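Heads up: the sequence shown runs through residues 0 to 78, numbered per numbering that gives the first Met the number 0. For every residue, glycine included, the Cβ atom is placed at its ideal position computed from N, Cα and C. In this text, all values refer to a predicted model and were calculated from it rather than measured experimentally. Take a look at the structure set out below.
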Amino acid sequence: MKARVHVMLKDGVLDPQGEAVKSALGHMGFEGVGAVRQGKVIELDLAATDKAAAEAEVKAMCEKLLANTVIEKYTVEIA
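See the structure below:
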């Protein structure tokens, strides 16, 4: 099975990387951008065959390592 994890800063947490991207886009002539939030995508190949078990395992990975749950939120997709 494959898992995809999307990790983003929680609403209300400042995103200096997003602000830097927004500023750079403005300097490049892309004036229509109101806000930028930057995150990360993590793709995992799993040995699990049960979708529910795989999702539970990936959520445990997120809670322990893949996301800083104090300032980040995550979503998990299993395929």
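According to DSSP, is residue i helix, strand or coil?
i      : result
Ala-53 : helix
Met-7  : strand
Gly-25 : helix
Leu-43 : strand
Given that a residue counts as buried once 16 or more other Cβ atoms are within 10 Å of its Cβ, and exposed if not, what is residue i?
i      : result
Ala-51 : exposed
Ala-19 : exposed
Leu-64 : exposed
Glu-30 : exposed
Going by CA-CA distance only, name the one from the options that's closest to residue i.
i      : options               : result
Ala-34 : Ser-22, Ala-59, His-5 : Ser-22
Starting from the C-beta of residue i, find all residues in its chain whose C-beta is less than 7 Å away, skip the five residues before and the five after it, and write them out in chain order.
i      : result
Arg-80 : Absent from the model: residue 80. The displayed extent of the chain is 0 to 78, so no value can be given.
Asp-44 : Lys-1
Lys-72 : Met-7, Lys-9
By Cβ distance, which residues of its chain are closer than 8 Å to residue i, with the 5 residues on each side in sequence left out?
i      : result
Ala-78 : Met-0, Lys-1, Ala-2, Arg-3
Ala-53 : Met-0, Ala-2, Leu-45, Ala-47, Ile-77
Ala-66 : Val-4, Val-6, Lys-72, Tyr-73
Quick one: what's got a C-beta closer than 6 Å to residue i's C-beta in the same chain, skipping five residues either side?
i      : result
Val-57 : Ala-2, Val-75
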